[in-house]
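For the sequence shown, counting from 1, position 257 maps to 1348 in the numbering used here; every step adds exactly one.
Where is the CB? At the ideal position from N, CA and C, for every residue including glycine.
Remember, it's a predicted structure, so these values are computed and weren't measured experimentally.
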Amino acid sequence: MKILVTGGAGFIGSAVTKKLLERGDSVVCVDSFNDYYSPKVKEANVAQFAQNPNYKLYRGDIADYDFMKNIFAMEKFERVFHPAARAGVRPSIADPFIYADTNYIGTLNLLDLSKDFGIENFVLTSSSSVYGENKKVPFSETDNVDFPISPYAATKKATELMAHAYHYLHKLNVNIVRPFTVYGPGGRPDMFPFLCTKWIDEGTEVKRFGDGSTRRDYTYIDDIVDGVISAIDRIFGYEIFNLGNSDTIDLNSFIAVVEKCLGKKANIKEYPMFSGDVPITYADITKARKMLDYNPKTKIEDGMKNFVEWYQKNKQNY
Ligand SMILES: NC(=O)c1ccc[n+]([C@@H]2O[C@H](COP(=O)([O-])OP(=O)(O)OC[C@H]3O[C@@H](n4cnc5c(N)ncnc54)[C@H](O)[C@@H]3O)[C@@H](O)[C@H]2O)c1
C-alpha cells in the first residue's frame, strides 16, 4: 500500500513509518518540522528513511490547502494516517490559535482532500485527553466526551466530529485512535517520562505537579504502533478505538520506576497542579482488542528500562 503519514517526523509518526516500510509499504511523509521541540530530533527521525526508495518526504504545513492538494494529486496514496498535530496540553492554553489552525483546519484539509481523492481509509489520531475529567473508569469509547478541559482536547474532539460528518456525507472510512500517554525510545522531550529521566539523570530538581497521586495509563510505543497499523489495515466505516495499556500508575510510583532504572534518587519539588491537566487516564481497550486484535504487552518497568537505555545513548542530541 501507499500511505500518507502526516507528522511523520514526530514520535508516533516516525515509529509507524518504520514499521510500514519494514513490511514493504510505501510512505509519503508530510511534516512542518516546527520548533515545538528541537527540529534536530525530527531530522534524526526522518534521516533513517532517507535512502529507502519507498519513502518520500515533503516539508510543509497541513493547514496549507494548496500545498496538500498538490501532494494528494502527485502521490496518489491509498490510505492516510494522520498524527500531525500540536500535541501538548499546557501550551494549548497559552496559544489556542495555533492549535485550532493545525489540529482543526489541518485535519479538515486532509478530510476534504481524502474525500476528493477517494482515499480508502483515514486513520485520525485523537487523544485520551478528550475524556477530560471523566469520573467513570476505565474510559470507554461510548463515554460522553462533551466536556474537554483544554483547547488541545477541544480541537481533538472537534476533529472527531468533523470526521464523522465526512463519513456520513461522503462515506469516507475513518478509524479514530485515542492514544493514552505514549512513551518509549524516541519519546517526546516535552513529556514527563523524558523530563523525569533527564532530571534524575542530571541530578536536577524533579518538578512534580500536585502531590504525586495523579494516575496515567502509560502506553509503550511498540504497542501503539501495532494498534495504529491494525487501524490502517482494517476498514469498518467509522469507529473510535482507545489505544492504552489499560493499567495505571500514580506519579510517585512512576518516579520510583525511573529512579530504579537509573540507579539514582530523585530530588522532588512539588508545584501546584496545572489547570487543564486531568487527574487520571485509564483506557478500557475491550473494543480495540476485539476489532483490531490490539494486545498491549509492555509493562511500565520493562518499557521504561528500554527508554532509559535509549536515553543514555541519545541524550547528547537533546
Ligand atoms: N505522545 C502521546 O502521548 C500522545 C497521546 C495522545 C495523543 N497523541 C497524538 O498523537 C499524535 C502524534 O503525537 P506525537 O507524540 O508523535 O507528537 P510529535 O509532536 O512528536 O509529532 C507531531 C508531528 O507533527 C508535525 N506537525 C505539527 N504541526 C504540523 C503542521 N501544521 N503541518 C505538518 N506537520 C506538523 C510536528 O512537526 C511533529 O513532527 C498527535 O496528534 C497527538 O495529539 C499523542
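State the CB to CB distance for the pair residue i and residue j, rounded to an integer number of angstroms; the pair is presumed to be in contact (CB under 8 Å).
i	j	result
V1107	K1147	Not really, about 16 Å apart at Cβ, beyond 8 Å.
L1253	E1330	Before going further, note that residue 1253 is Met rather than Leu in the sequence given. That belief does not hold up - the Cβ atoms of M1253 and E1330 are roughly 16 Å apart, past 8 Å.
K1360	R1299	7 Å
T1216	A1176	7 Å
V1121	G1101	Not confirmed; about 11 Å, so no contact.
G1277	P1284	11 Å between Cβ atoms; not a contact.
L1204	F1163	5 Å
L1201	V1171	6 Å
D1152	S1123	5 Å
P1182	T1097	About 19 Å separates the two Cβ atoms, so there is no contact after all.
Looking at the structure shown, is residue i part of a helix, part of a strand, or coil, going by DSSP?
i	result
F1140	coil
A1191	helix
K1147	strand
L1286	helix
F1365	coil
Y1243	helix
N1386	coil
P1182	helix
T1108	helix
R1380	helix
K1341	The sequence given here places Asp at residue 1341; Lys does not occur at that position. Of the three classes helix, strand and coil, the one that applies to D1341 here is strand, per DSSP.
P1130	helix
F1168	coil
Where residue i and residue j are concerned, what is the direct C-alpha to C-alpha distance, given to the nearest angstrom?
i	j	result
N1405	A1135	11 Å
D1317	Y1385	7 Å
V1349	D1393	11 Å
S1129	N1143	24 Å
T1295	Y1409	16 Å
F1168	N1333	26 Å
K1355	K1247	38 Å
S1304	Y1195	33 Å
N1145	P1363	48 Å
T1389	T1233	26 Å
Y1257	D1207	11 Å
C1352	M1395	7 Å
G1301	D1338	21 Å
T1250	N1235	16 Å
H1255	L1199	11 Å
F1365	D1313	29 Å
E1113	I1291	35 Å
K1109	A1138	11 Å
I1391	T1310	8 Å
Please identify the residue among the options whose C-alpha is closest to the C-alpha of residue i.
i	options	result
I1094	R1181, V1214, P1182	V1214
C1287	V1228, F1398, K1167, D1122	F1398
R1375	V1316, G1294, Y1195, D1308	Just to set this straight, residue 1375 is Asp in the shown sequence, not Arg. The shortest C-alpha separation from D1375 is found at D1308.
E1211	A1322, N1161, T1377, K1356	A1322
P1280	Q1407, Y1385, N1200, Y1259	Q1407
V1180	F1172, I1391, Y1190	Y1190
T1377	S1117, F1230, N1145	F1230
L1111	P1182, P1363, P1387, D1324	D1324
I1315	A1379, K1160, P1363	A1379
P1187	K1390, Y1243, G1303, P1387	Y1243
G1209	Y1402, E1166, F1124, D1338	E1166
E1293	A1357, K1109, S1123, S1117	A1357
S1117	K1131, M1092, F1124, H1173	M1092
S1219	G1335, W1401, V1096, Q1403	G1335
Q1403	Y1373, T1310, Y1311, K1289	K1289
A1347	Y1373, V1297, I1320	V1297
Hey, is residue i close to ligand 3, as in C-beta under 7 Å from one of its heavy atoms?
i	result
F1163	Ligand 3 is absent from the structure shown, which contains only ligand 1.
Exercise for review: Say whether the region 1145-1164 touches the region 1339-1351, bearing in mind that this needs 3 or more beta-carbon pairs closer than 8 Å, one atom from each stretch.
Suggested key: no
Review point. Touch check for the region 1220-1231 and the region 1364-1371: three-plus C-beta pairs under 8 Å?
Key: yes
Practice item. Inspect the CB distances between the region 1272-1279 and the region 1236-1252 and report whether three or more fall short of 8 Å. Key: Counting C-beta pairs with one atom in each stretch, the region 1272-1279 and the region 1236-1252 have fewer than three that are closer than 8 Å, which means they do not touch.
Check your understanding: Any chance the region 1318-1328 sits against the region 1253-1266, with 3 or more Cβ pairs inside 8 Å?
Key -> yes
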